[in-house]
Every structure is written in structure tokens, then in C-alpha cells.
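What follows is a single structure, written as C-alpha cells, with notes after it.
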Amino acid sequence: MTNLTAEKYREEAIRGINDPVLQKALADLQMRLGRGAEEAYRNLPEGPGLRRKAHEIRMKAVLNLDSLLERLSEKIRSRGGHVFFAKDAHEAVKYCLDTAKRNNVRLAVKGKSMLSEEIGLNDAFAAAGIEVAETDLGEYIIQLAGERPSHIIAPAIHKTRNEIGLLFSEKLGIPFTTDPGTLTKAARKALREKFLSAQMGITGCNIACAETGHITVVSNEGNIRMSSTLPKVHVALMGMERITERLSDHDILFRLLSRGAAAQKMAGYVSYIGGPRPADQADGPDEFHLVIIDNGRAKILADEEFREMLCCIRCGACLNMCPVYGKIGGHAYGYAYSGPVGAVVTPLLKGINRAKDLCLGETLCGACRDACPVDIDLPRMLLLLRSKLADGDLKWDVRRENPAEKIMYGMWSGIVSRRWTYDVMLGLSRKVLKPFAGKDGMISSLPLFMKGWTGSRDMKPLAKESFISQWRKRENKKGNDER
Amino acid sequence: MERKVTLFIQCIIDGIYPEVGFAAVRIFEKLGINVECPSGQTCCGQPAFNSGYRKEARRAAEHFISIFSDAETIVCPSGSCVNMVRNHYPELFRDDAKMLERAKDIGSRTFELTEYLVDVLKVEDLGARYEGRITYHDSCHLIRGIGVIEQPRKLIRKIRGAELIEMKDSDRCCGFGGAFSVKYPEISAAILEDKIGNIITSGAETVTGCDMGCLMNIQGLLSRKRLPVRALHIAQLLGGQWK
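Each protein sequence line maps, in turn, to chains A and P. The numbering used here runs 1124 ahead of the 1-based position in the first sequence. The numbering used here runs 50 ahead of the 1-based position in the second sequence.
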């Protein structure tokens, strides 16, 4: 299973902030895709309100997963496909490995799948001596470099043309160039060889449909189409929540997905896959396996306050608008999912205490909510995760993260419940802060926890007299004058 | 019937920027509207709520509700506090039907300053004068929390001598985020650097907004960098007597 490194959030965040190449890449990405998606939603014939409709479609499906998944698997099985329900990452990986071994697979080609990252598929295959070749250009670059994706749909955004040129000349033996066209052609040539020699293709699933019994997968490079049709075995990994009832729902969801993910009207390639190659057809795999994975999702489903998270279609739109992601990049989130979606889903999947920095290290600005094509209220859930950290939670097995802070807020709540105690606190704070003020009247250095503020910016000290105190005097004076 | 508003003063204004509160008072005096300000008010509870301490936030909210229960119209020169009362109080009291009703009721009577001036009073020209170019920062809780976008702009455009210049990404967070700014200062400062860059690039000499939390953050870095840009609350521009 992929290791969670969210404990290093802060350290990795600072590394990202200090990387000028990453900073430029993130700024460009957010400007292009984030603002582009905003514009694309505005230009929808139904208007941005379609996001709400999509939310309802998703929620309805999430609430009926049992019957929808049953209908999907029946249809796929009736066409000769295999369906396996995996309880966790271990079961899912084992099923994929067994299938590979049974078919003597030595090379598998993989279309981009975040879920395969989540369950740690590549490492398990590598350990079994089976090569997994990433076929999405970005993922391919990352794999050659031995790195991890930093964005859900643009996994290599942290790499420059120059870096990729060097990487390709080293690993693919081509003359060094920074020309994107030449580099892409080199990757294409190398990947074509993989596609033609692989015995297994692995893809994800964007959304499945119960009515028709198929999965829908999109890409912009055609690599998923090749991964799912050229090798004789196709394995599709699907989060158990990725389904809707009707085909007509797919129209709405894919229009929104493409807009949210890439500011496109529709992705370049849309594949509808419902089973292996039929007997009377020439193309397609001999075997089709759909692996439907729980891996913590049922627990999210069981909690009505977090259930909304299962509406997510992993488009990455929230990353493209988030000011925090825009500065720290994807690696800081320490797991398959980065950005605001990662900040909510990773704690839920991997433990709220372990991923506490993901819950707390956000500004709650709400841009992610507006960016979401299915209108998920991520800030609401971030606040809820924080409340679990503050007070502990049995259901989610959370221990109180900061008992000292709890005591401090307890005292604070007593102080703010009466004005006179509040005035005493204001008076004390004023006295404590006053000596720190410089000649210009601003405070530029404070000790202890306030160093966080003054490390990078100044602070105005407390006023000589609070507004309320001045107001009180003014009203008294007025009263006296009137008398 | 004589109009009367009850002022709800953000704790940051109360403690650090009282002049902003008095600027708001002057606006209403100019309009001939009576101003009341309950002197028992403290804080709406937002700091505790945002940090996850809901029980503690509820206690602050109960105090707020008891203090403002008789007020007909509550006006606050801070968007995030209005967002707290209007949008988060119902969440805090969702298991307490009686308090929930009171919370919703008080939320419906609570307005952000510019929202109240433009949407309720239908006033845009306050006869204010301010020389210079002004850029407006859209605080997150105003734009995405309570949907205040055009109201402040309408008011600024009517200020004599002033020119409103839009900065790039005015709707992007300034990196404040309350306790976030102290707990994750490196991230907060990195976001703030971009905001300051956009303010400077706009060419404005003054940056304004409707939330002192953001403006305190912005002023903090302007001051640290010794940049010749003022950060003033919109009430100060409209009510005059800024310094």
C-alpha cells in the first residue's frame, strides 16, 4: 500500500514554496486550468447551477450503491466479464496479481489511475517481477524519474521541459532536446512498443453505469483506449462509489468532469467498456476484469456527515483553485490525493490524527467548493475534521490532538462570555504587547507561538482603548449632556 | 418610523482598530440613522469554531445571541463575522431546536456593512472624498460566504477623487485563515506574498476591503516590506477621518 507521508506536510510544503520552478508551474496551471474551469462553468448552457444537479445525481447513486453495483456486475458477467469486490487494498492487489500470474503477464500497460496509486499496485507488481508501464505522458515521465505524481490529472507539472529533456536523453537514449513535440514523439514511440508487447492493460474507471452495465473512462492521449483494447487482458480498477444509475447522468457528469479537470468541453477520448471482446468481433481483450474497491469507502458511506465525499469524481478541479495547493504543490499532501480533496479524503481513509496537518493546514477560503463540478462542500468537512481533532471521536478513532489548546479555548470561552472578563484580558494583552512595538508603532518581533505571525509580517499593537470602552464613555457623556 | 441599526463590532476592530468602528458609526450618523452598540458584546466565536472547538464556540455564540436578541437590525463591518453568524451558527445549534431557531432568526437580521448600505438602504453615494487609486480585496467569506461582491465596488466608485483599480486575482485568499496564519506561517506568508504582489502591480496607493482580519494580514506584510501602500477598511474611506 502506498505509504502515507502526510506527517511531513509542513516540511514538504516549505520545500515546495522554495522551489521556483514549481512555483511558476503551479501559478501557470492555476491560471490556465483553474480560471479556465470557472469560465467553462459560466458558459454551460444550463449555467453553473448544473453542478448542483450533478451533486444530486451523485448523491442518489451513493445512497443506492448496493443495488447499482449489483446491476452493473450482473450485466458485465452476462457478457463474460469478471467482477471482483475487494474489501481493501490488499485484496485488490492480490486479485490483480493472481490474474496477471495466471496469464503469464510480464508487462502490463497502465492508463492513469489514482486508485492504483492508492492501493500501491505498481510496487506490488514490481515485487512480483512484473513490469508496469505508465502510459499517460505525465505519469510516464514521473515513472522514468522515479517520482510520485504531484497533481491528480497533471502528475508531472512539477517538472520542467529541461528536466524532461535530460531525463529522456538518459533513459530513452535520444539526443537532448527541450522541444515538446520531439519529446512527446519519443515517448510515443517508446510507449507504442509497450502497448504492442504488453499482456495486460490496467485502467481506472471514471464513472460506471448501472443501466447499461459498462464503465466509462476518459483520457486526452488515447492511451487508455490502447491499454484497454490491445493487451489480451484488461483489468479496470473502480472505487465502489463511482457509479450512477442512468446513461443520461453520464452526459452531465462528463461534461462537468472535463470542464473541471481541464477546462475542456469534453475529453479527447471517451471509452465505454462493458466486457471482453465479443465472439463475433475482432478487437478487444479476451478477458475483462472489473475490480470494485472499498478500501475505507464503506466507512465514509456510513457517516452521513462525510458521505458527501463519495460524490467526488477525482477531477482535480479543486487543486486548480486552492491557494494552499498553489503554493505547496502536491507532494506535501503525502498520498495519492493532493489538494483540498486530499485534505479531506486522506484523513478519512488513512486516519485523522495521522493526517492532522491536512485538516488544519488550509485557509478555509472556500475556493474549492466553487471549483467543484459536483458541488461538494469541502470546507464544511474540513471544519468537521478539525472538530474531531479538537475533541476526539470514538467512531473515527480520533484522539484529542492538542489537550493544551483545548484548555486554552475553554478559558477563552469563559472570558468571552462576559464583557468585564474580556476587558481584563484585553488590558493584559495590551500591557504584554506594548513593549514590543517599534518606533513606527508596529510590532515586528514576538516570542512563542506568535513568532509565526511576526516571522514574516508586522502586527499593530492593541489600541490604547478598545472600541467598546470608548463607545461606553461616549454614550455616558451623551447621557450626561442630555440630562 | 425612525431607522436604527445595532453595531456588531469584530473583535479585531474592537481591540486593535477601534477607528474602523467609529468610521462605521460616522457613516450612519451621516445618513441620519441612529446607532446603538451593546457594550456587552465580545466575540462571535469564529476563532474557536474554525479551530474545531465547537463547544467553546457555542458558548461565545450563546453570549452573542443573548446580547443581540432584541436588536432589529444588526450591522457588522466584517464579512467573516457575518458569515459566522449567518452560516455557521445554525450548524453549531443543530441539535438544539430552540437555540437553532434563535440562531437562524438572528442570522436573518445580521448584515455586513456594505451589503446593508447598498442592498437594504439603497445608498451608494455617501458623499465621501478620498484622493487616490484604490484597489479592492475580495475577502473569502464575503465573496464565497455571503455573496458580497459588487456592493463595496459600487460604494468605492462613488467616492470623489478616488479611482477603483481592480488587482489581478482580487478574489483569491490573502493567506490569513485565522489560526492558520500562526500555525502554518510559511504557507500563509507565501500566499500573502502573491496578494501583495498583485496589490503593488495594480498601481493603487490604497488597498481596501470589508474584513479587518485580511487587512491586518495585508498591512502586516506591507509594513514589513516598507511598501508605500495603505491598507484601510472600506468604512474608513466612506466615513472619512482615516489616519
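Heads up, the beta-carbon is just placed ideally off N, CA and C, and yes, glycines get one too. Owing to the predicted nature of the structure, the values given are computational and were not obtained by experimental measurement.
- For ALA1178 (chain A), the uninterrupted alpha helix (DSSP H) segment begins and ends at 1174 to 1186.
- Ranked by how close their Cα comes to the Cα of ALA178 (chain P), the residues P:LEU214, P:ILE206 and P:GLY102 have P:ILE206 in first place.
- For VAL75 (chain P), the secondary structure class from DSSP, reduced to helix, strand or coil, is helix.
- Counting only the Cα atoms, SER116 (chain P) lies some 29 Å from GLU1606 (chain A).
- Proximity of ALA110 (chain P) to chain A, defined by a Cβ-Cβ separation below 8 Å, is satisfied.
- Non-local C-beta neighbours of LEU1361 (chain A) in its own chain, meaning closer than 6 Å and more than five positions away in sequence, comprise SER1237, LEU1239, SER1240, GLY1328 and VAL1415, ordered along the chain.
- Going by DSSP, MET1362 (chain A) is part of the beta strand (DSSP E) stretching over 1357 to 1363.
- For ALA1151 (chain A) and PRO1447 (chain A), the gap between their C-alpha atoms comes out near 10 Å.
- Put simply, the CB of HIS113 (chain P) is near chain A, with a gap under 8 Å to one of its CB atoms.
- Sequence-ordered contacts of the segment 209 to 223 of chain P with chain A read ARG222 and CYS223 [C-beta pairs closer than 7 Å].
- Close CB contacts of ASP221 (chain P) within its chain, under the 7 Å cut and outside five residues either way in sequence, are with ASP188 and ILE193 (chain order).
- In the DSSP assignment, the residues bridged to ASP1517 (chain A) are A:VAL1522.
- Under a 10 Å Cβ-count criterion, GLN1405 (chain A) is classified as exposed, with fewer than 16 other Cβ atoms of the shown protein chains found around its own Cβ.
- Under a criterion of Cβ atoms nearer than 7 Å, the residues of chain A adjacent to CYS93 (chain P) are, in order, VAL1540.
- Here GLU1335 (chain A) has ARG1195, GLU1369, ARG1370 and LEU1371 as same chain residues with Cβ atoms under 8 Å from its own Cβ, once five neighbours each way along the sequence are excluded.
- For LYS245 (chain P), the enclosing alpha helix (DSSP H) stretches over residues 235 to 252.
- The beta carbons of ARG1493 (chain A) and LEU1502 (chain A) sit closer together than 8 Å.
- Rounded to whole angstroms, VAL1498 (chain A) and VAL1522 (chain A) show a C-alpha spacing of 29 Å.
- Residues of the segment 170 to 182 of chain P whose Cβ lies closer than 7 Å to any Cβ of chain A: none.
- In its own chain, leaving out the 5 sequence neighbours on each side, no residue places its CB closer than 8 Å to the CB of TRP1536 (chain A).
- Taking a C-beta distance under 8 Å as the contact criterion, CYS190 (chain P) and GLY1485 (chain A) do not qualify as a contact pair.
- Beyond the five residues adjoining it in sequence on each side, GLY1384 (chain A) comes within less than 6 Å, by CB distance, of ALA1161, CYS1439, ALA1441 and PRO1497 in the same chain, given in chain order.
- Under the Cβ criterion of 8 Å, ASP120 (chain P) is not counted among the residues facing chain A.
- Membership of GLY1325 (chain A) in the beta strand (DSSP E) is indicated by the continuous run 1324 to 1327.
- Your pair ILE1376 (chain A) and ALA1185 (chain A) does not check out as a contact, with CB atoms roughly 12 Å apart and the cut at 8 Å.
- Proximity of chain A to MET134 (chain P) at the Cβ level (cut-off 8 Å) is not reached, the minimal Cβ distance being about 11 Å.
- By the neighbour-count definition (other C-beta atoms within 10 Å, threshold 16), ILE1531 (chain A) is an exposed residue.
- Taking C-beta atoms under 8 Å as the contact rule, ILE215 (chain P) and ALA254 (chain P) qualify, at a distance of about 5 Å.
- Proximity of chain A to ALA281 (chain P) at the Cβ level (cut-off 7 Å) is not reached, the minimal Cβ distance being about 10 Å.
- Following the DSSP letters along the chain, one finds SER1191 (chain A) inside the alpha helix (DSSP H) bounded by residues 1189 to 1202.
- Using a Cβ distance threshold of 8 Å, GLN286 (chain P) and VAL70 (chain P) count as a contacting pair.
- The three-state reading of DSSP puts MET217 (chain P) in coil, since its state is none of H, G, I, E or B.
- Taking a beta-carbon distance threshold of 8 Å, ARG104 (chain P) counts as an interface residue toward chain A.
- Counting C-beta pairs with one atom in each stretch, the segment 130 to 139 of chain P and the segment 147 to 164 of chain P have three or more that are closer than 8 Å, which means they touch.
- With respect to chain P, the C-beta atom of ALA1491 (chain A) has a partner C-beta closer than 8 Å.
- The Cβ atoms of THR258 (chain P) and ILE237 (chain P) do not sit closer than 8 Å to each other.
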